[in-house]
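Q: I am attaching a structure below and will ask some questions about it afterwards.
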Amino acid sequence: MTPPICEVCNREQTYELRLSKPVFRCATCGLQTSAAAFDITFKSKLDNEIRSVALKDLRTNNFERILSKLVGGTSSKQLKGLEIGTGNGWWLETCRKHGVSCEGIEPEQSFRTEHERQHLSVHYDFYPSAHVANKKYDFIIFNDVLEHIPKPTSLFSSLRNNLEDQGIIIVNIPMSSGFFYRCAKLLYRFKIKSPMERMWQFDFHSPHINYFNSSNLREMFHQNGFSCTNEFKLQTLSYKSIKSRLRMDQGSSSGKIMTLSLFVNIGLALSKLFPPDIKVFFFADRKTAE
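Position in the sequence shown counted from 1, then plus 1238, gives you the numbering used here.
Right under this line is the structure:
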């Protein structure tokens, strides 16, 4: 297949990983891009019920940290936000708890019943969307979503149109420089590919398309008129949720889950000594930030 063009450097990427879907890498900035695609049937081995058990507490704790930085000294009731890729709606629930007004965009109808039960404001569509085309927001947030979007640079015109003059973009995202990704890459060199397949989520209907590091993510935003005003690490895993998280993949055998669970538990203890696996970035218009 024809190698993809790097979203940051606009140069042809080179073959990097021979997985079920090939992965390419930019020799200049290190952005990694897969040949995977979003399955619009929304059918895959992802078990959303187990996903809720595995991730809700962890994600909610991370969301609390993000909101704390977002609100700062500002009255939370003054803020109006948009979440792109709402999923289960945990970010919207956390915002409501703290008096922050936020609505969501989500293409998967399977979440609709839960959203309605929680009385959450969600538009069922992909972004950009006519539902929000003429609205303005103080912040727009991507929670573990930007890495699933094939051409993220194509969004910047719409993002700028949807932001207030002092608005910010928040990106909560996994890092290719993180400990667990590095471990998966080491195992790949020994012909053990399943951890790397899992990192890219190729068995799920919404796989990872890009894997950024801090530098190339900041550069992509810089090229599109935004400066990073804050960044910090978030918690990647909790010991109590590891097995539930591995069971999210319905195709995993009990033996595979036990083996991966042991690997992840050891890795979790060691990961504190290495660069973070998940970070959050706050971006503002360069003219405003300067």
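Backbone N, C-alpha and C define an ideal beta-carbon position, used for all residues, glycine too.
Between C1340 and I1379, what straight-line distance do the alpha-carbon atoms span, to the nearest angstrom?
A: Using only the alpha carbons, I get a separation of about 10 Å.
Q: Report buried or exposed for S1414, applying the criterion of at least 16 other Cβ atoms within 10 angstroms of its Cβ.
A: Burial call: buried.
Q: Label K1429 either buried or exposed according to how many other C-beta atoms from any shown protein chain fall within 10 Å of its C-beta, with 16 as the threshold for buried.
A: Its Cβ having fewer than 16 others within 10 Å, K1429 is exposed.
Q: Are there three or more Cβ pairs, one per stretch, closer than 8 Å when the stretch 1431-1451 is compared with the stretch 1366-1373?
A: Contact between the stretch 1431-1451 and the stretch 1366-1373 is absent, because fewer than three Cβ pairs lie under 8 Å.
Q: Considering only residues of the same chain and omitting the five flanking positions on each side of R1420, which have a CB-CB separation below 8 Å?
A: Result list for R1420: F1512, in chain order.
Q: My output table needs one value for L1522: the three-state DSSP class, helix, strand or coil.
A: Per the sequence presented here, residue 1522 reads as Ala, with Leu not at that position. Three-state DSSP puts A1522 in a strand.
Q: Looking at C-beta atoms only, is the number of pairs between the stretch 1350-1360 and the stretch 1293-1306 that lie closer than 8 Å three or more?
A: At 8 Å Cβ cutoff, the stretches do not touch.
Q: Please state whether DSSP places L1484 in a helix, a strand or coil.
A: Because the pLDDT of L1484 is 49, which lies under 50, any placement of that residue in the model is unreliable, and the number read from its coordinates should be weighed accordingly. It is helical.
Q: Got a sec? Which residues, its chain only, sit under 8 Å from P1390 by beta carbon, not counting five neighbours each side?
A: Taken in chain order, the residues that qualify are E1245, L1384, N1448 and M1458.
Q: So which of L1472, N1410, F1450 and F1521 has the shortest CA-CA distance to N1462?
A: Among L1472, N1410, F1450 and F1521, the Cα nearest to that of N1462 is on F1521.
Q: On a CA-only basis, which of A1371, I1278 and P1241 is nearest Q1270? Give me that one, please.
A: Nearest option by C-alpha distance: P1241.
Q: For C1247, I'd like the list of residues in its chain whose CB is within less than 6 Å of its CB, leaving aside the five on either flank, ordered along the chain.
A: So the list reads C1264, T1266 and C1267, once near-sequence residues are dropped.
Q: At the level of alpha carbons, what is the spacing between Y1477 and L1293?
A: Here Y1477 scores only 47 on pLDDT, less than 50, and its place in the model is too uncertain to base an answer on.
Q: Smallest Cα separation from Q1316: which of H1446, G1337 and F1394?
A: The shortest C-alpha separation from Q1316 is found at G1337.
Q: Check whether the stretch 1370-1377 touches the stretch 1317-1337, taking contact to mean three or more Cβ pairs, one atom from each stretch, closer than 8 Å.
A: A contact exists between the stretch 1370-1377 and the stretch 1317-1337.
Q: Just how far apart, CA to CA, sit N1410 and E1250?
A: Distance between the alpha carbons of N1410 and E1250 is about 27 Å.
Q: The alpha helix (DSSP H) with S1432 in it runs from where to where?
A: Looking at the DSSP string, the run of the alpha helix (DSSP H) that includes S1432 is S1432 to W1438.
Q: Three-state secondary structure (DSSP) at M1413?
A: Three-state result, M1413: strand.
Q: Let's see if you can read the secondary structure: which residues bound the alpha helix (DSSP H) around L1255?
A: Segment T1252 to L1255 is the beta strand (DSSP E) holding L1255; no alpha helix (DSSP H) there.
Q: Compute the Euclidean distance between the alpha carbons of K1525 and N1454, then round it to the nearest angstrom.
A: The alpha-carbon atoms of K1525 and N1454 are separated by roughly 21 Å.
Q: In terms of residue numbering, what span does the beta strand (DSSP E) encompassing F1377 cover?
A: That run of the beta strand (DSSP E) goes Y1375 to N1381.
Q: Distance check for D1363 and K1259, CA to CA, integer angstroms please.
A: Each residue's Cα considered, the two are about 26 Å apart.
Q: By how many angstroms is the C-alpha of F1349 removed from the C-alpha of D1285?
A: Only weak support is given to the placement of D1285: the predicted model assigns it a pLDDT of 49, under 50, and the value that follows is read from those uncertain coordinates. Answer to the nearest angstrom: the Cα atoms are 13 Å apart.
Q: Among residues of its own chain, excluding the 5 on either side of L1425, which ones have a beta-carbon nearer than 6 Å to its beta-carbon?
A: P1433.
Q: Should T1474 go down as buried or exposed, given a rule of 16 or more other Cβ atoms within 10 Å for buried?
A: Buried, because 16 or more other Cβ atoms sit within 10 Å of the Cβ of T1474.
Q: May I ask which residues mark the beginning and end of the alpha helix (DSSP H) holding L1320?
A: Where L1320 is concerned, there is no enclosing alpha helix (DSSP H), although the beta strand (DSSP E) it sits in stretches over K1318 to I1322.
Q: Return the Cβ separation of F1418 and D1515 in integer angstroms, given the expectation that the two are a contact with Cβ distance under 8 Å.
A: Indeed, because the Cβ distance is near 5 Å, the residues count as touching under 8 Å.
Q: Distance, Cα to Cα, L1257 vs A1422?
A: Their Cα atoms are separated by approximately 12 Å.
Q: Would you kindly check if the distance between the Cβ of A1274 and the Cβ of P1445 is under 8 Å?
A: In contact: P1445 and A1274 (Cβ atoms closer than 8 Å).
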